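For reference, the structure is listed below as structure tokens.
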Amino acid sequence: MRQELIEQLGNIAKIILTLAAALLLGAVIMWATGQDALNAYQVLWDSAVGNQRNIANTLLAATPIIMTGMATLIAFRAGIFNIGVEGSLYVGAFAAAYVGFTFVTAPGWILIPACLLAGGLVGGLWGFIPGVLKARLRVDEVVTTLLLNYVAILLTSYLVTGPFLVPGMANAMSAEIAEQAQLPRLIERSQLNAGFFIALASVVWVGFTIRRLTLGYEIRTVGSNPVFARWSGIPVGRVIMQVMFISGFIGGIAGAVQVMGVNYRFIGGFSRGLGFDGITVALLGRNTPIGTMLAALFFGGLRNGGSTMEMFTQVPRDLVDILQAVIILFVAIDLTLTWTRLRRRSSGPGSDAKAQVEAQPAEATS
Amino acid sequence: MSPELIANLLASTLRLATPLILAAMAGLLSYQVGLINIALEGFMLAGAFVAVAAAFTFGANWLGILLACVVGGVLGAVFALFVTQFRANLIITGLAINFLALGITAYLMQVWYGTSGTFAPEEVDSLANVVIPIIHDLPFLGRVVSGHSPLVYISWIMIPVASVFLYLTLPGTYIRATGENPEAVQTAGISVTGMRYLALILGGMLCGLAGAHLSLSELGLFRENMTNGRGFIALAAVYFAAGKPLLAAAACLLFGLFEALQFRLQAASDVPPQFFQMLPYIVVILTLVIISVRTEWRKGWS
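If you read the protein sequences in the order shown, they are chains A and B.
This note's numbering numbers the first residue of the first sequence as 1 and each following residue consecutively.
This note's numbering numbers the first residue of the second sequence as 1 and each following residue consecutively.
What follows is the structure, given as structure tokens:
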């Protein structure tokens with residue numbers, strides 16, 4: 001128990017150090033390019049958490065990232081490198097929009113769950129495709145999930161420029177969803193909506209599944225030791241497919257919530273990397289639900305504050321992308337160091353090479 | 001379709017395939033050394049930006065190409081440093097490098113040149129097209145093959161160069177051996193780390209060229225995220241070809257044709273442009289499935 005506590009505190013310290021180092025490097029980049037870094041961070045901070053409305057907007061920006069983070073996390077836990085959450089998000093968003101603008105006469109208490117469910121199911125099926133390919137045919141999931149993202153983006157953008165184009169609209173977007181399908185706003189002058197609670201529910205649900213359910217035990221075992229999992233009778237293939245469906249399901253719900261809570265319609269190419277933000281926060285949060293949620297809130301602040309910073313200083317919001325990259329790099333190094341140390345502690349230096357291989361689940365399988 | 005239209009279509013196929021071919025040659029070096037290179041996209045984007053920025057600053061396009069190459073190589077070395085010495089996860093590092101390239105190019109474009117979206121300095125001209133002496137005057141062939149940017153021809157040269165390098169030279173053989181069996185290579189006294197560095201640095205340089213083609217060959221401008229997924233299409237071509245240079249180049253030509261068709265057919269027919277944009281990805285996913293099924297079949301569905 002005490003050991004665990006110390007390890008947890010160590011993790012938190014590391015995360016804070018990572019963030020501090022990234023912010024420092026960001027400051028160096030700003031200084032090197034002649035910008036006032038302190039002022040930029042000041043503005044960023046103020047516009048992220050300065051007043052009630054800014055905090056609401058940060059929570060709004062964090063909402064989809066929390067969910068894509070959970071979607072990524074549960075796959076990571078099973079040792080599956082699902083970088084296709086972005087794709088699930090797109091198809092899920094379209095499915096939700098479709099239900100929302102088609103069944104306009106249905107009452108809200110039916111329509112809202114129906115939209116969410118449609119988004120989740122279609123997103124889940126989208127994740128299920130590479131899941132089946134991996135589980136049954138051993139097709140490496142990294143490449144397939146990555147490429148399916150592009151298919152999803154193009155497919156949905158075709159749907160809203162072709163069959164579901166709204167007459168008179170210049171841009172690729174669907175019709176507006178029925179008013180009773182729109183998620184209620186929480187405070188005035190911010191788009192923050194009930195979707196935030198759906199995001200929180202996803203954290204609780206993922207945490208509960210991983211810790212308490214048999215499926216969670218199976219996921220963790222498959223992730224940490226697939227050979228042992230097989231020998232102890234866990235149906236590894238089935239677990240992989242289930243996890244990919246769940247991961248896609250949460251990603252799809254994230255897309256649905258963006259449609260139902262923010263845009264009220266499907267807009268082609270709307271996401272701009274929310275799925276990839278999910279990967280970042282899952283890594284930063286060390287694959288724990290709470291950690292990932294906190295990381296997502298932090299990133300929500302960066303994204304929200306970044307846009308305001310761009311307006312009031314000379315620093316472009318692309319700085320946030322740079323910070324994101326630096327954070328991922330730091331986490332990537334740190335994860336491996338931790339990995340190797342754990343391995344050494346448990347079975348001597350001989351297993352070092354193996355740790356390297358396992359820490360890179362996606363080496364070319366030719 | 002008239003012969004003239006076909007000639008135009010083929011000529012633009014060649015131009016559109018060029019960055020894919022260069023990046024695919026980079027990707028297959030990584031593939032052969034046993035690493036998935038997700039960062040092709042980021043290397044290319046950095047190369048595209050550096051090419052225009054350097055051409056603008058120094059007033060010489062060739063310096064732009066050279067520096068794009070250098071920066072690509074440096075990024076390749078950084079990537080290698082992370083995945084070998086720091087033992088960072090390949091995919092995570094690759095994604096991070098893509099974010100870094102996307103963020104830094106957009107950031108610098110705004111901070112240095114005060115524009116967001118597109119940087120199109122009037123001072124930078126596109127590269128002068130190469131006119132091949134006799135072939136240029138041939139009726140059909142001349143229109144297809146001659147009169148492209150020099151980088152188009154460099155990309156053609158790179159295909160046999162990559163082939164010869166990988167299969168007939170010692171370093172190339174070591175690179176392939178490292179991908180096949182790193183322990184054996186290590187035992188033979190060859191540095192696995194060194195081979196990974198070599199493959200990734202050379203790959204970065206090729207991607208720098210690919211980026212320079214995107215920004216300098218046609219218009220002489222840089223657009224935010226102008227690679228637009230081409231690095232992943234190139235990676236897809238590598239997987240389609242299972243790391244073979246000639247086959248990968250053929251796949252790139254095919255994907256270039258899809259892209260060229262998409263522009264032509266957009267106005268003339270009902271085929272949605274997204275259909276052609278989607279094709280490369282779907283083709284590759286199906287190929288991966290077929291390859292896996294075949295391997296599993298041979299193993300007898302163990």
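Yeah, the Cβ is synthetic: ideal placement off N, Cα and C, and Gly gets one too.
As the structure is a computational prediction, the values presented were derived from the model and not from experiment.
For residue i, which residues from the same chain have a beta carbon less than 8 Å from its beta carbon, with the 5 sequence-adjacent residues on both sides left out?
| i | result |
| --- | --- |
| Ile91 (chain B) | Ile36, Ile38 |
| Gly273 (chain A) | Glu86 |
| Phe101 (chain A) | Ser174, Ala175, Glu176, Ile177, Ala178, Arg265 |
| Gly348 (chain A) | At Gly348 (chain A), the pLDDT of 39 sits below 50, so the modelled position is not reliable and the matter cannot be decided from this model. |
For residue i, which residues from the same chain have a beta carbon less than 6 Å from its beta carbon, with the 5 sequence-adjacent residues on both sides left out?
| i | result |
| --- | --- |
| Glu218 (chain A) | Ile234, Val239 |
| Ala362 (chain A) | Low per-residue confidence applies at Ala362 (chain A): pLDDT is 38, beneath 50, and the placement is therefore not dependable, though the value from the model is reported in the following sentence. Result list for Ala362 (chain A): Phe81, Val142, in chain order. |
| Val262 (chain A) | Gln191 |
| Leu219 (chain B) | Ser126 |
| Ala295 (chain A) | Val281, Leu284, Gly285 |
| Phe172 (chain A) | At residue 172 (chain A) the sequence reads Ala, which differs from the Phe that was named. The residues are Ser157, Val160, Thr161, Gly268. |
| Thr369 (chain A) | In the structure as shown, chain A starts at 1 and stops at 366, and residue 369 (chain A) therefore has no counterpart that could be examined. |
| Cys252 (chain B) | Ala17, Leu20, Ile21, Ala24, Ala237 |
Closer than 8 Å by beta-carbon distance: list the chain B residues that pair up with residue i, in chain order.
| i | result |
| --- | --- |
| Ala332 (chain A) | Phe82, Phe86, Ala88, Asn89, Ile92, Thr93, Ala96 |
| Phe128 (chain A) | The contacting residues do not exist; Phe128 (chain A) stays about 14 Å from chain B at best. |
| Phe276 (chain A) | Leu95, Phe99 |
| Thr144 (chain A) | Ile285, Leu288 |
Can you pull the chain A residues whose beta carbon is under 7 Å from the beta carbon of residue i, in chain order?
| i | result |
| --- | --- |
| Leu102 (chain B) | Asp321 |
| Tyr107 (chain B) | Pro316, Asp318, Leu319, Ile322 |
| Val50 (chain B) | Per Cβ cutoff of 7 Å: no residues; Val50 (chain B) is ~15 Å from chain A at best. |
| Gly229 (chain B) | Tyr150 |
| Ala26 (chain B) | Going along chain A, no residue has its Cβ under 7 Å from Ala26 (chain B), so there is no contact; the nearest lies around 14 Å. |
Going by C-alpha to C-alpha distance, which of the options sits closest to residue i?
| i | options | result |
| --- | --- | --- |
| Gly229 (chain B) | B:Ser12, B:Asp137, B:Leu14, B:Phe43 | B:Phe43 |
| Ser247 (chain A) | A:Val49, A:Ala93, A:Val28, A:Gly131 | A:Gly131 |
| Ala188 (chain B) | B:Tyr174, B:Trp112, B:Ile201 | B:Tyr174 |
| Gly119 (chain A) | A:Val139, A:Tyr98, A:Arg138 | A:Tyr98 |
| Phe258 (chain B) | B:Pro280, B:Leu246, B:Phe82 | B:Pro280 |
| Gln52 (chain A) | A:Gln258, A:Met241, A:Asn287, A:Arg189 | A:Arg189 |
| Ala26 (chain B) | B:Ala249, B:Ile285, B:Leu168, B:Ala53 | B:Ala249 |
| Ser292 (chain B) | B:Asp137, B:Leu20, B:Ala242 | B:Ala242 |
| Val49 (chain A) | A:Asn193, A:Phe298, A:Ala75 | A:Phe298 |
| Gly124 (chain A) | A:Ala95, A:Ser224, A:Phe103, A:Arg317 | A:Ala95 |
| Phe255 (chain B) | B:Arg264, B:Asp270, B:Val283, B:Leu246 | B:Val283 |
| Gln110 (chain B) | A:Arg77, A:Val122, A:Phe164, A:Thr33 | A:Thr33 |
| Thr288 (chain A) | A:Pro226, A:Gln8, A:Leu137 | A:Gln8 |
| Ile65 (chain A) | A:Gln314, A:Ser202, A:Leu213 | A:Ser202 |
| Gly64 (chain B) | B:Ser163, B:Trp112, B:Ala210 | B:Ala210 |
| Val78 (chain B) | B:Thr227, B:Gly300, B:Tyr197 | B:Tyr197 |
| Tyr167 (chain B) | B:Leu286, B:Pro245, B:Leu265, B:Ala48 | B:Pro245 |
| Phe76 (chain A) | A:Val206, A:Lys14, A:Gln258 | A:Val206 |
| Leu155 (chain A) | A:Pro184, A:Gly92, A:Met169, A:Leu215 | A:Gly92 |
| Trp156 (chain B) | B:Leu14, B:Ser2, B:Leu10 | B:Leu14 |
Who are the near neighbours of residue i in its chain, counting only those whose CB is closer than 7 Å to its CB and skipping five residues on each side?
| i | result |
| --- | --- |
| Ile290 (chain B) | none |
| Trp31 (chain A) | Ala37 |
| Ala61 (chain A) | Gly300, Arg303, Asn304 |
| Met241 (chain A) | Phe128, Gly131, Val132, Ala135 |
| Glu358 (chain A) | Reliability fails at Glu358 (chain A), whose pLDDT of 38 lies under 50, so the model's placement of it is uncertain and no value is given. |
| Pro272 (chain B) | none |
Compute the beta-carbon to beta-carbon distance between residue i and residue j, rounded to the nearest angstrom, for a pair I have assumed lies under 8 Å.
| i | j | result |
| --- | --- | --- |
| Thr178 (chain B) | Thr84 (chain B) | Contact flag wrong, Cβ pair sits at about 11 Å. |
| Leu213 (chain B) | Pro19 (chain B) | The question names Leu, yet the displayed sequence has His at residue 213 (chain B). The Cβ separation is near 5 Å, so the contact holds. |
| Leu200 (chain B) | Ser12 (chain B) | Not really, about 31 Å apart at Cβ, beyond 8 Å. |
| Asn98 (chain B) | Glu41 (chain B) | 5 Å |
| Leu67 (chain B) | Ala54 (chain B) | 4 Å |
Interface residues of chain A around residue i at Cβ under 9 Å?
| i | result |
| --- | --- |
| Met278 (chain B) | Tyr150, Val151, Leu154, Leu155, Tyr158 |
| Tyr153 (chain B) | Those do not exist, as Tyr153 (chain B) stays about 29 Å from chain A at its closest Cβ, beyond 9 Å. |
Run down chain B in chain order and give the residues with a C-beta less than 7 Å from the C-beta of residue i.
| i | result |
| --- | --- |
| Arg138 (chain A) | Ser292, Glu296 |
| Leu165 (chain A) | Near Leu165 (chain A) there are no residues of chain B at all, since even the closest Cβ is about 11 Å away, more than 7 Å. |
| Val132 (chain A) | Simply none; closest approach about 10 Å. |
| Gly162 (chain A) | Pro272 |
| Ala106 (chain A) | Neighbours of Ala106 (chain A) on chain B: none; closest Cβ ~30 Å, over 7 Å. |
| Leu283 (chain A) | Ile92 |
| Phe81 (chain A) | Ile91 |
| Ile279 (chain A) | Leu95 |
| Leu17 (chain A) | Ordered by position in chain B, no residue passes the 7 Å Cβ test against Leu17 (chain A), which lies about 16 Å from the chain. |
Mind listing the chain A neighbours of residue i? Cutoff is C-beta to C-beta under 8 Å, in chain order.
| i | result |
| --- | --- |
| Ser116 (chain B) | Pro316 |
| Phe232 (chain B) | Leu146, Leu147, Tyr150 |
Going along chain B, which residues have a C-beta under 9 Å from residue i?
| i | result |
| --- | --- |
| Val243 (chain A) | By Cβ distance, chain B contributes nothing, its closest Cβ being about 17 Å from Val243 (chain A), past 9 Å. |
| Thr33 (chain A) | Tyr107, Leu108, Val111, Trp112 |
| Ile187 (chain A) | In chain order: nothing, as chain B lies at least about 31 Å away. |
For the segment 62-127 of chain B, list the beta strand (DSSP E) runs that are entirely contained and at least 3 residues long, ordered along the chain.
none
3-residue-minimum beta strand (DSSP E) runs that sit fully inside the segment 210-246 of chain A, ordered along the chain:
none
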